[in-house]
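Asks:
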Amino acid sequence: MINMNDWVIGQIQSLNRIAVPIMTHPGIEMIGKTVKEAVQNGKIHAQAIKKLTEVYPVAAKTVIMDLTLEAEAFGCRIEFPENDMPHILGRLVSNADDIENLQVPDLKTGRVQEYILANKLTVENTSDKPVLAGAIGPFSLAGRLFDMSEIMVACYMEPEAITCLLEKCTSFIKNYCVELKRIGCSGVVIAEPAAGLLSNEDCQYFSSEYVKQIVEAVQDDNFIVVLHNCGNNGHCTEAMLNTGAKALHFGNAIDMVETLQYCPKDRLIMGNVDPVGVMKMRSSQEVKEYVSDLLHKTAQFGNFVLSTGCDLPPHVPTENVSAFFEALHEFNQAQVEEHEA
């Protein structure tokens, strides 16, 4: 078992930067499987993670960021394309009565057990680095159950109903995270992108207060919470910090240097290479130059962890992923040489 407090401190104090990109899709492609197979079969999912980490020097293993998993457990209908992430069909609840009658599911519903299996197998195959599981955030889950556009209005028109929905969402996510911790994961990346649509005050009220409950239930010396919010353009970073999560993960909408200047030095601050605009769409040389530039801009911040701004989509060129790590290797090599000079 890895002491994650020591791991965090070690990264902050180290001369070298590490990379924890959120990516599984390149691994799925490497083993010749489809996205549909990976999100429905825990063994295939784990095989993809294993293959990926045999090829690339990631500092921690991560799972697919699947924002339909928990919604499906509650009862949402899901469509499963062969080579793209699943998506939700329709809405599950539409009024206060629906919410009142909504049951918090157990962990045997939907595909939850397959994701638990994927994490369990990954933990069993890993001894030298953390395994970071994944879960959706409370507000993002509530938005998927209620409809994202509708919940933005309901937060102001029916706050009591939305509070009830958030409490049920939080209860399920908390139970899931407790189980992920029990099977040996070193942490969980909680994806809360929908909270970026809110003001800082509303993000605090409708998201952070609930994320904080999850943090308080599971985060300790051996387990960290990484709070991801790629919808944040800098306006709700304060609310993210108020959750107490040991690490914050940002998307490409924010300025990484400004964010690092704002955040405490004892939190890991992760991000924020654009997974589509840079990693998928640019040439390998452009990726390398972009990542190198980001590393040099953030060089003074020991708590910076290089990552993608969100989950890598399917079909990112392998040479672009290699360029991402080449830039990191060359940066670290230069840092060591400069330190020894």
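The opening residue of the sequence shown carries number 39 in our numbering; numbering runs sequentially from there. Heads up, the beta-carbon is just placed ideally off N, CA and C, and yes, glycines get one too.
1) If we count Cβ pairs, one from each stretch, closer than 8 Å, do we get three or more for the segment 73 to 81 versus the segment 359 to 377?
2) Determine the DSSP secondary structure at Leu-333, reduced to helix, strand or coil.
3) Hey, how far is the Cα of Val-216 from the Cα of Lys-146?
4) Which of the three DSSP states, helix, strand or coil, is assigned to Ile-47?
5) For Phe-177, report the span of its alpha helix (DSSP H) as first-last.
6) Could you tell me the distance, in whole angstroms, from the CA atom of Pro-142 to the CA atom of Glu-254?
7) With Leu-127 and Glu-117 assumed to form a contact (beta carbons below 8 Å), what rounded beta-carbon distance in angstroms separates them?
8) Between which two residues does the alpha helix (DSSP H) holding Glu-357 run?
9) From Val-101 to Ile-60, what distance separates their C-alpha atoms?
10) CB-CB under 6 Å to Gly-272, same chain, minus the five flanking residues each way: which ones, in chain order?
11) Indicate whether Asn-270 and Phe-288 have their beta-carbon atoms separated by less than 9 Å.
12) Under a Cβ-count criterion, where at least 16 other Cβ atoms within 10 Å of its own Cβ denotes burial, should Asn-220 be classed as buried or exposed?
13) Grouping DSSP H, G and I as helix and E and B as strand, with all else coil, what is Lys-7?
14) For Tyr-153, count neighbouring C-beta atoms within 10 Å of its own C-beta (all shown protein chains included) and say buried if the count is 16 or more, exposed if not.
15) If you compare alpha carbons, which of Gly-315, Cys-301 and Glu-376 is closest to Phe-342?
16) Is it the case that the segment 155 to 163 contacts the segment 219 to 236, given that we only count it when at least three CB pairs across the two stretches are under 8 Å?
17) By DSSP, does Met-42 sit in helix, in strand, or in coil?
18) For His-287, which of helix, strand or coil comes out of DSSP?
19) Bridge partners of Asp-349, per DSSP?
20) What do you get for Leu-53, buried or exposed, if any count of 16 or more other CB atoms within 10 angstroms of its CB means buried?
Replies: Straight from the coordinates:
1) no
2) helix
3) 14 Å
4) helix
5) 176 to 184
6) In the sequence under discussion, the amino acid at residue 142 is Val, which differs from the Pro named in the question. The straight-line gap from Cα to Cα measures roughly 20 Å.
7) 6 Å
8) 356 to 378
9) 8 Å
10) Ile-292
11) yes
12) The question names Asn, but residue 220 is Arg in the sequence shown. Flag for Arg-220 reads exposed.
13) Outside the displayed span of the chain (39 to 379) sits residue 7, for which this structure offers no information.
14) buried
15) Cys-301
16) yes
17) helix
18) strand
19) DSSP output for Asp-349 lists no bridge partner at all.
20) exposed
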